[in-house]
């Protein structure tokens with residue numbers, strides 16, 4: 024597990040010298056140490072490099088040097104709803120990292136958080152009480168799915184016309 028003192032950003036592509044692939048970086052954000060530790064341990068068990076943050080300022084520090092491949096936000100209760108939604112907004116407006124997948128862990132009964140997270144373009148909202156196996160599969164699915172840049176025009180591979188990039192990917 025790494026703190027926010029990353030010197031360089033690991034990437035999923037092999038280094039120029041042909042060395043092994045580097046690990047995916049998961050930015051784990053939670054207001055409480057227990058939530059951060061659970062998600063960081065889960066990340067490490069699955070081979071991902073966990074960078075943890077507990078505040079919006081730490082998230083900014085974590086986005087900059089780490090350039091994560093996934094952001095996971097743990098929301099322990101409705102008292103943290105506004106904090107979590109502000110984090111989603113912060114990530115989505117962060118420049119280079121604006122398209123990183125975001126998964127929010129929420130209490131299933133907190134419909135306002137679920138609606139607010141999706142309205143701000145979070146990629147998934149997962150129940151906090153999900154077991155580690157289900158959570159790992161859902162996070163892995165987000166890591167393995169290529170991000171589509173939002174707001175860029177791309178040629179639709181079937182119809183051909185230019186359309187909003189959030190809906191279609193461009194075939195190379």
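Residue numbers (the working numbering): 24 to 195.
Glycine included, C-beta positions come from ideal geometry on N, C-alpha and C.
Buried versus exposed call for residue 96 [16 or more other C-beta atoms within 10 Å across all chains shown]: Locating residue 96 in the chain shown gives position 73, where the first residue counts as 1. Buried.
If I follow the unbroken beta strand (DSSP E) through residue 111, where does it start and stop? Looking up residue 111 in the chain shown gives position 88. That residue, residue 111, is in no beta strand (DSSP E); its alpha helix (DSSP H) goes 104–115.
So who's on the other strand from residue 93, going by DSSP bridges? Position 70 of the chain shown, counting from 1, holds the residue named residue 93. Looking at the DSSP assignment, residue 93 forms a beta bridge with 49.
Compute the distance between the beta-carbons of residue 149 and residue 166, then report whether it is under 8 Å. Against the chain shown, residue 149 aligns to sequence position 126. Against the chain shown, residue 166 aligns to sequence position 143. No; because the gap between Cβ atoms is not below 8 Å, this pair is not in contact.
At least three beta-carbon pairs within less than 8 Å, the stretch 132–147 to the stretch 57–70: Contact between the stretch 132–147 and the stretch 57–70 is absent, because fewer than three Cβ pairs lie under 8 Å.
Residues bridged to residue 88 (per DSSP): Along the chain shown, one-based indexing puts residue 88 at 65. Paired residues: none, contrary to the question.
Local conformation of residue 150 per DSSP, three classes: Counting from 1 along the chain shown, the entry for residue 150 is found at position 127. Strand at residue 150.
By a C-beta neighbour count over all protein chains shown, 10 Å radius and 16 as the cutoff for buried, is residue 125 buried or exposed? The residue labelled residue 125 in the question sits at position 102 within the chain shown. Buried: at least 16 other Cβ atoms inside 10 Å.
For residue 86, which residues of its own chain have a beta-carbon under 6 Å away from its beta-carbon, when the five flanking residues on both sides are left out? As a working mapping, residue 86 is identified with position 63 in the chain shown. Answer for residue 86: 117, 120, listed in chain order.
Using the C-alpha atoms, what's the distance from residue 81 back to residue 109? In the chain shown, counting from the first residue as 1, residue 109 sits at position 86. In the chain shown, counting from the first residue as 1, residue 81 sits at position 58. Their backbone Cα atoms lie some 13 Å apart in a straight line.
Please classify residue 173 as buried or exposed, where buried requires at least 16 neighbouring CB atoms within 10 angstroms. The residue labelled residue 173 in the question sits at position 150 within the chain shown. Only weak support exists for where residue 173 lies, its pLDDT of 47 falling under 50; the value from the coordinates is given anyway. Residue 173 is exposed by the Cβ-count criterion.
How would you call residue 139, buried or exposed, if buried means at least 16 neighbouring beta carbons within 10 angstroms? Counted from its first residue, the chain shown places residue 139 at position 116. Answer is buried; the Cβ neighbour count reaches 16.
Name the two residues that bound the continuous beta strand (DSSP E) containing residue 74. Here residue 74 refers to the residue found at position 51 when the chain shown is read from its first residue. Note, residue 74: beta strand (DSSP E), 72–76.
Would a check of beta-carbon distances place residue 62 closer than 8 Å to chain C? As a matter of chain content, chain C is missing from the structure shown, which is built from one protein chain.
Can you tell me which of the three DSSP states residue 121 falls into? Counting from one through the chain shown, the residue named residue 121 turns up at place 98. In the structure shown, residue 121 adopts coil according to DSSP, grouped into three states.
Quick check on this structure: which residue in 69, 161, 76 has the alpha carbon closest to the alpha carbon of residue 52? Taking the first residue of the chain shown as 1, we reach residue 52 at position 29. Checking every option, the nearest Cα to that of residue 52 belongs to 76.
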